[in-house]
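Numbering (this note's numbering), first residue to last: 1 to 306.
Every residue, glycine too, gets a C-beta built ideally from N, C-alpha and C.
Bear in mind that the values here come from a model prediction, so they are computed numbers and not experimental data.
Shown next, in the form of structure tokens:
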């Protein structure tokens with residue numbers, strides 16, 4: 001006779017999953033499907049185990065993990081396979097803004113590299129249907145690689161109305177469901193735009209908040225940017241709960257200043273490690289901005305790469 005359960009591995013054992021330690025250390029609980037979904041949205045590492053009633057032998061069969069990831073745009077995407085292999089050495093997951101990149105499908109490339117992916121569907125420049133089709137194909141071929149499919153990125157900041165974004169998200173969800181894709185669906189907007197349009201959260205499973213102290217008017221943003229990040233993150237979580245992910249956070253290494261925020265290598269490096277430490281200590285699911293510099297943007301916008 002076997003007992004099937006979901007359980008949460010204590011954080012201290014996540015890096016080196018020694019089976020003896022795990023067998024002695026975890027607490028097993030049963031969950032219904034709603035409870036499992038809620039834990040997944042919170043970013044908890046969940047393990048599906050089979051426990052014979054006698055002997056308590058533990059067998060780990062699958063993992064759903066969300067942790068510290070990195071953002072990746074289409075700049076130099078011809079080299080995406082090599083980039084993703086490099087990302088795998090330092091991060092658990094990658095967040096892309098598009099899924100169709102030239103002849104490559106970012107979900108497939110991530111799966112081949114052993115990465116989890118938050119796959120993007122770009123809504124500007126008439127790319128919506130191309131990216132949605134790629135996300136559907138990639139998720140069907142590699143369902144275990146996909147953490148979430150994000151519909152868009154900062155459209156409200158680009159002048160879209162909430163009604164227009166709602167229409168596109170509803171269309172995407174319907175097409176994903178019709179194709180048999182069963183993965184979480186999310187949106188990504190700035191934290192301020194999310195708080196100003198709270199009804200958008202009801203449309204999706206995941207609420208992605210782009211939070212950049214470098215562009216903040218907060219009192220701590222120039223002197224203690226990690227404090228600014230925490231304050232703004234807590235405000236979004238207070239409104240939307242466990243649906244929240246930090247989908248962008250970073251600091252440029254050069255390119256000038258913005259309203260008292262100085263782009264420098266030293267500040268960029270310090271902020272990266274501050275964010276990483278915060279993520280590891282709290283378990284917050286976050287994607288750092290970003291993998292490499294994008295020299296096509298200009299000014300400090302070109303130099304967010306780590």
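The continuous stretches of beta strand (DSSP E) do not include residue 270, which lies in the alpha helix (DSSP H) extending over residues 265 to 282. For a cut-off of 8 Å, the C-beta gap from residue 168 to residue 209 is around 19 Å, too long to register as a contact. Residue ranges of uninterrupted beta strand (DSSP E) with 3 or more members, entirely inside the region 153 to 225 and ordered along the chain, are 185 to 190 and 206 to 210. When secondary structure is reduced to three states using DSSP, residue 105 falls in the strand class. For the 9 Å CB-CB criterion, residue 188 and residue 248 form a contact. Sequence-distant Cβ neighbours of residue 153 in its own chain, meaning closer than 6 Å and more than five residues away, are 97 and 188. A direct Cα-Cα distance of roughly 6 Å separates residue 91 from residue 68.
Annotation for residue 85: the continuous alpha helix (DSSP H) segment containing it runs 80 to 88. Taking C-beta separations shorter than 6 Å and ignoring five residues to either side along the sequence, the partners of residue 185 in its chain run 149, 173, 204 and 205, following chain order.
DSSP, read as helix, strand or coil, puts residue 287 in strand. The residue among 221, 199 and 177 with its C-alpha nearest the C-alpha of residue 139 is 177.
Between residue 144 and the set 306, 112 and 275, the nearest pair of CA atoms involves 112. In the same chain as residue 158, and ignoring 5 residues on each side of it, the C-beta atoms closer than 8 Å to its own belong to 124, in chain order. Looking from the CA of residue 284, the closest CA among 229, 270 and 119 belongs to 229. Taken in chain order, the complete alpha helix (DSSP H) segments of 4 residues or longer contained in the region 113 to 152 are 128 to 141. Looking at the DSSP output, residue 92 bridges to nothing. With fewer than 16 other CB atoms across the displayed protein chains lying within 10 angstroms of its CB, residue 164 is exposed.
Between residue 175 and residue 132 the beta-carbon gap is near 6 Å, inside 8 Å, which marks them as a contact.
Between residue 70 and residue 103, the C-beta gap is not smaller than 9 Å, which leaves the two residues out of contact. Spatial neighbours of residue 179 in its own chain (CB-CB distance under 6 Å, excluding positions within 5 residues in sequence) are listed in chain order as 136. Less than 9 Å separates the beta-carbon of residue 142 from that of residue 110. Under DSSP, residue 248 takes part in a beta bridge, and its partners are 210. Rounded to the nearest whole angstrom, the CA to CA distance from residue 261 to residue 295 is 20 Å. Sequence-distant partners of residue 87 (beyond 5 residues in either direction) whose C-beta falls short of 8 Å from its own C-beta, in its chain, are 70, 72, 94, 113, 115 and 291.
The C-alpha of residue 223 lies about 12 Å from the C-alpha of residue 270.
Our two residues, residue 77 and residue 101, have alpha carbons roughly 7 Å apart in a direct line. The three-state secondary structure of residue 72, taken from DSSP, is strand. With at least 16 other beta carbons inside 10 angstroms of its own, residue 213 counts as buried. One alpha carbon belongs to residue 246, the other to residue 234, and they sit about 11 Å apart.
Among the bridge pairs identified by DSSP, residue 100 is matched with 105.
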